[in-house]
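Student: In this note's numbering, the protein residues as written are 916 to 1412. Below: one structure in structure tokens.
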Amino acid sequence: MNHTEHVDVLIIGAGISGIGAAYYLQREHPGRSYAILEARGATGGTWDLFRYPGIRSDSDLHTFGYEFKPWRDEHAIATSDKILAYLRETVAENGIDRHIRLHHKVRAAAWDSARAAWTVDIERTDGGGSDPELVQISANWLFCGGGYYRYDQGYAPQFEGADRFTGRVVHPQHWPEDLDYTGKKVVVIGSGATAVTLVPSMAGTAAHVTMLQRSPSYVMPVPAKDSFANTAKRLLGDERGYALTRRKNILKQRGVYTFCQRYPKTARAVIRWINAAKLPDGYPVDEHFSPLYNPWDQRLCAVPDGDLFAALSDGSASVVTDRIATFTETGILLESGRELDADIIVTATGLNIQLFGGMTLTIDGQAANLSEAVAYKGIMLSGVPNFAFAFGYTNSSWTLKVGLLCEHFCRLLKHMDDNGFDSVRPEFSGGPTRPLLDFAAGYVQRSINEIPRQGVDGPWQMTMNYTLDAQTLRNGPVADPSLRFETTQVELAGSTV
916 MNHTEHVDVL IIGAGISGIG AAYYLQREHP GRSYAILEAR GATGGTWDLF
966 RYPGIRSDSD LHTFGYEFKP WRDEHAIATS DKILAYLRET VAENGIDRHI
1016 RLHHKVRAAA WDSARAAWTV DIERTDGGGS DPELVQISAN WLFCGGGYYR
1066 YDQGYAPQFE GADRFTGRVV HPQHWPEDLD YTGKKVVVIG SGATAVTLVP
1116 SMAGTAAHVT MLQRSPSYVM PVPAKDSFAN TAKRLLGDER GYALTRRKNI
1166 LKQRGVYTFC QRYPKTARAV IRWINAAKLP DGYPVDEHFS PLYNPWDQRL
1216 CAVPDGDLFA ALSDGSASVV TDRIATFTET GILLESGREL DADIIVTATG
1266 LNIQLFGGMT LTIDGQAANL SEAVAYKGIM LSGVPNFAFA FGYTNSSWTL
1316 KVGLLCEHFC RLLKHMDDNG FDSVRPEFSG GPTRPLLDFA AGYVQRSINE
1366 IPRQGVDGPW QMTMNYTLDA QTLRNGPVAD PSLRFETTQV ELAGSTV
């Protein structure tokens, strides 16, 4: 194992959260050393990993983009290649690239209170050998920006008879480059964001695409281009037009969410009316687009310019709501007795949640049970010192929350510098808790007992309200009785940038 080097802050993940964290850190604390570790061989996170047809955002880029970098493209709902270019441009413009180390997978981190530092065990796989090289880095702080799901494995339920199917079965998270679906019959299993993206993207090239869902999701058409944004940027310039559009869209997102939560019956009726208007007369809207849950109990699926409804209307795609009995040699037999013929089956069945990249933590030699930890202000965990993470909104654009968390992290560092503190840990005094991710999506429910908790009030509550979060994270006090600050007189040599 190579000698241990030291950085002030070690950022894990070079996707949208990790890149954002690096920007704020070097802007607010230019004298601090940092490195970004990325397990994969490229930056961009989700937007480099997923390669399935049509992969795009389901939030507008005026709020999904960074506050500090205007989104200049005319499309508000953007394809992955445009998002990836935006992220990599951010990296290059700000010199973040020289801090990024690809093929560095974090396996474990050990905190030593006597040194007020983490020692991080890393597998490096870019050395050319068959076995990973083991390296260590010491850091005063860990900042986890690696998202919330396993990059190497999507959720793939065991389907009866799957080994009998003579066609090809693919998962969107591992889309084969050589997959040719031209003139093929395709069945997409699922009804979430990935499924509603795949179906219209494959329709027209495939012979026919069927979206097979066990139960419906809410689907809403949204404009691919934001006419307000494009006009504002043309009249006011990119930066001012972007800022104005961002404020407008934040209010709009919050308004829609609040309306759905307060008036679920009315919201359901409005969504149904919009869906029916986009579909042919007599289409069974209630069968295929009326979920059992209320709007925003799970995330709404956005379809740009109603492309899914267009594919259903012209007959190139269809929706079937039923349960799978078994795969057959030529397709899928449903519980109703109907059989769907398929040359290709796409299992758009979701993600496997994995926080903090799956690494293990020890604190002064004791294993940390993160499933029992309670989140503090959505950025730290009870009992875990000098450990921050970025987790965005589930009811709005992810990056809105991440930006606020990064700002608060930098404020926390300044407070510690000003007062001579070396470490800080939140201390939860007890009380009722609930899951950190408190909504009904299947991928959340499958992992509900494996992830940290949140409290029910104060800084222990995982708020999903940008206006309130901005007041707390951007302008509220940094220190409070829940934080335990300490000073350790230890000099760590070997700091590198």
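Every residue gets a Cβ at the ideal spot worked out from N, C-alpha and C, and that includes glycine.
#1: Do G1082 and D1237 have their C-beta atoms within less than 7 Å of each other?
#2: In the DSSP assignment, the alpha helix (DSSP H) including V1134 goes from what residue to what residue?
#3: Between V1412 and G946, what straight-line distance do the alpha-carbon atoms span, to the nearest angstrom?
#4: In its own chain, which residues sit with a C-beta less than 7 Å from the C-beta of R1039, not counting the 5 before and 5 after it?
#5: Just mark K1329 as buried or exposed, buried being the case when its beta carbon has 16 or more other beta carbons within 10 Å.
#6: With a 10 Å radius around its C-beta and 16 neighbouring C-beta atoms as the bar for buried, classify D1196 as buried or exposed.
#7: By Cβ distance, which residues of its chain are closer than 6 Å to F1336, with the 5 residues on each side in sequence left out?
#8: Give me, in chain order, the residues of the same chain whose beta-carbon lies closer than 6 Å to that of A1408; leave out the 5 immediate sequence neighbours on both sides.
#9: Please name the residue in I970, V922, E1075, A1007 whose C-alpha comes closest to that of Q1088.
#10: Out of G1293, T1262, D988, point me to the one whose CA is closest to D1141's CA.
#11: Among S1228, I1165, L1159, which one has its Cα closest to the Cα of A1192?
#12: Under 8 Å, with one C-beta from each stretch per pair, do the region 1206-1224 and the region 1248-1266 reach the 3-pair mark?
#13: Measuring CB atoms only, is the region 1020-1033 touching the region 1052-1064, in the sense that at least three cross pairs come out at less than 8 Å?
#14: Just mark E1406 as buried or exposed, buried being the case when its beta carbon has 16 or more other beta carbons within 10 Å.
#15: For a quick check, are the C-beta atoms of T936 and G1062 less than 7 Å apart?
#16: Can you grab the Cα-Cα spacing for the pair A1185 / V1137, in whole Å?
#17: If distances are taken between C-alpha atoms only, which option among D1201, E1092, A1071 comes closest to Y1133?
#18: In whole angstroms, give me the CA-to-CA distance for F1143 and D975.
#19: Which residue's Cα is closest to the Cα of V1006: Y1172, A929, G1098, L1276?
#20: Just the Cα atoms here: how many angstroms apart are I1363 and L1194?
#21: Distance, Cα to Cα, A1356 vs K1099?
#22: Got a sec, what are the start and stop residues for the alpha helix (DSSP H) Y938 sits in?
#23: Skipping 5 residues on each side, what residues in its chain have a beta carbon closer than 8 Å to that of F1271?
Tutor: Reading off the structure:
#1: no
#2: From DSSP, V1134 is part of no alpha helix (DSSP H) but of the beta strand (DSSP E) over 1134-1137.
#3: Low local confidence applies: a pLDDT of 41 at V1412 is under 50, so the model's placement there is unreliable, and no value is given.
#4: H1018, H1019, P1047, E1048, V1050
#5: exposed
#6: exposed
#7: F1400, T1402
#8: Its pLDDT being 39, under 50, A1408 is placed unreliably by the model, and nothing is read from it.
#9: I970
#10: D988
#11: S1228
#12: no
#13: yes
#14: Caution is warranted here: a pLDDT of 46 is assigned to E1406, below 50, making its placement in the model unreliable, and no coordinate value can be reported.
#15: Note that residue 936 corresponds to Ala in the displayed sequence, not to Thr. It is not a contact, given that the beta carbons lie outside the stated cut-off.
#16: Going by the sequence as given, residue 1185 is Val instead of Ala. In a straight line, the C-alpha of V1185 is about 14 Å away from that of V1137.
#17: D1201
#18: 13 Å
#19: A929
#20: 37 Å
#21: 31 Å
#22: 931-943
#23: I927, C1059, G1061, L1285, F1304
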